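Read the structure below first, then the notes.
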Amino acid sequence: MKEKFVSDAVMVYRPTQSALPWLRQKLYDYAELSKLKLSLLVLFSALVSFFLGVSEPAPLGLLFWFGLGNFLVIAGANALNQVIERDYDALMIRTARRPLPAERMGVAEAFAVAMVMSVGGLFLLTFAVNGLTGSLAAVALLTYVLVYTPLKRKSVWCTFFGAISGAIPPMMGFTAIHGDVSVLAWCLFAILFFWQFPHFWAIAWMFRDDYANAGFRIAPEMDASGVKTGRQVVVFSAILVMVSLAPGLMGLMRPMYLVGAAGLGLLMMWYSIRLRLDCSQAAARRLLLASVFYLPALMMVMLLAKR
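Taking the numbering used here, I'd label the letters of the sequence shown as residues 4 to 310.
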């Protein structure tokens, strides 16, 4: 009897072991659907603005609901974007292995998950934080899903509207704390807005053939020589650097901020100019990596230089 009991226990346990790879794959697919790394980067910018707006220890409950609500809305927007673009993602090497084009996930499941995250996040931000924060999140979500996403196949202006939706979350940290939008909040909006152009154009230049195959009207895809793209990258990086200095010049930060912002700005300009002079895959990749380093580094300088 004892041997039979042990044998039965092993038989019961084996299906659980075999289910683990499926569970890992499912979690990986949900992370891919939500563009987890991008979602966390945008969430980081929102949390930085939250702490910049705090003048005393922040209520942990407010911080928790603000962070969770933001993450859900950002992840939901990214998921809805993939639901809409699933057929076009299948045409691009860079995105063909995503859950929907690779048929590891059904459209109904992806849409349901995206809606639960989006609606749940808006609910938390509206009722657990405040109405203004929830409204800004709704504007960002709708702009990204209903304007930016369909416009990608119609006009190069899509990047402009995508940058608006991506720049709104940093404003929400201030509205969560104060219930209004401050000058520093607008500075953060401007920084995030202009940062997205060199960042995205570097990606678009690297994968311009992919975008062309999918029919996306992205500026680098329509610029065979790369001269126009390089020029635009330099212009928008220069504007980004000037905008990033504004909080220090207006006295909203301690003097050390100007030193840090200027140093990081030189880094962005260096790699932007390199792309302008050499429109190669390697130059675009270096600019992409520089932009990914630049944004969180600048945010950390802001936190350290907070008045």
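Each residue gets a CB set at the ideal place from its N, CA and C atoms; glycine is no exception. Every value quoted in this text rests on a predicted model; they were computed, and no experiment measured them.
DSSP three-state assignment for residue i, whether helix, strand or coil
i	result
Met256	strand
Ser158	coil
Lys38	coil
Pro153	helix
Met175	helix
Leu103	coil
Arg310	coil
Val184	coil
Asp32	helix
Leu23	helix
Ser10	Because Ser10 sits at a pLDDT of 44, beneath the cut-off of 50, its placement in the model cannot be relied upon, and the following sentence gives the value as read from the coordinates. If DSSP states are grouped into helix, strand and coil, Ser10 belongs with the helices.
Arg17	Any reading at Arg17 needs caution, since the residue's pLDDT is 46, under 50, leaving its predicted position unreliable; the model's value is listed next. Three-state DSSP puts Arg17 in a helix.
Met4	Low confidence applies to Met4: its pLDDT is 47, below 50, so where it sits in the model is not reliable, and the reading given next is rough at best. Note: Met4 maps to coil in three-state DSSP.
Residue i, enclosing alpha helix (DSSP H) - first and last residue
i	result
Ser294	284 to 307
Ala93	Ala93 -> no alpha helix (DSSP H), and no H or E assigned at all.
Asn84	63 to 87
Ser121	110 to 127
Val57	Neither: Val57 is in no alpha helix (DSSP H) and is coded neither H nor E.
Thr136	134 to 145
Option nearest residue i by Cα separation, candidates the options
i	options	result
Ile206	Leu36, Lys309, Leu278	Leu278
Glu112	Asp90, Ala82, Arg288, Thr98	Ala82
Ala287	Asp32, Leu39, Trp204, Leu195	Trp204
Pro142	Gly268, Gly218, Ile77	Looking at the sequence itself, residue 142 is Val, so the reference to Pro does not match. Nearest option by C-alpha distance: Ile77.
Val315	Ala80, Leu306, Trp208	Given that the chain is displayed from residue 4 to residue 310, the structure contains no residue 315 and the question cannot be resolved.
Lys309	Gly56, Val262, Lys157, Met256	Met256
Tyr33	Gln284, Val119, Ala140, Val57	Val119
Phe74	Tyr297, Ser37, Leu65	Ser37
Met271	Ile194, Asp183, Pro62, Met175	Ile194
Met305	Leu261, Ala170, Gln28, Asn216	Leu261
Ala1	Leu66, Thr136, Leu291	The chain is shown only over 4 to 310; residue 1 falls outside these bounds and no answer can be derived.
Tyr151	Ala217, Gly169, Arg27	Gly169
Ala285	Lys231, Met209, Ala241	Met209
Gln85	Phe67, Ala115, Leu71	Ala115
Asn216	Val132, Cys190, Arg156, Ala131	Arg156
Leu248	Val110, Tyr31, Leu144, Cys190	Cys190
Ser138	Met174, Trp273, Leu43, Phe192	Met174
Phe296	Ala61, Gln235, Phe47	Phe47
Leu267	Arg211, Thr232, Trp198	Trp198
Residue i at chain B interface by Cβ criterion, 8 Å
i	result
Val142	No chain B appears in this structure, which consists of one protein chain only.
Residue i beta carbon near the ligand GDP (any heavy atom closer than 7 Å)
i	result
Pro153	Among the components modelled here there is no ligand, and therefore nothing to report on the ligand GDP.
Segments assigned alpha helix (DSSP H), at least 4 residues, entirely inside the stretch 197 to 276: Whole alpha helix (DSSP H) segments, 4+ residues: 211 to 217, 230 to 252.
Do the stretch 155 to 171 and the stretch 122 to 134 meet, that is, are 3 or more Cβ pairs less than 8 Å apart? no
Say whether the stretch 177 to 185 touches the stretch 211 to 221, bearing in mind that this needs 3 or more beta-carbon pairs closer than 8 Å, one atom from each stretch. No, because fewer than three Cβ pairs between the stretch 177 to 185 and the stretch 211 to 221 fall closer than 8 Å, the two stretches do not touch.
Contact between the stretch 84 to 91 and the stretch 51 to 70 (3+ Cβ pairs under 8 Å): Cβ pair count under 8 Å is below three, so no.
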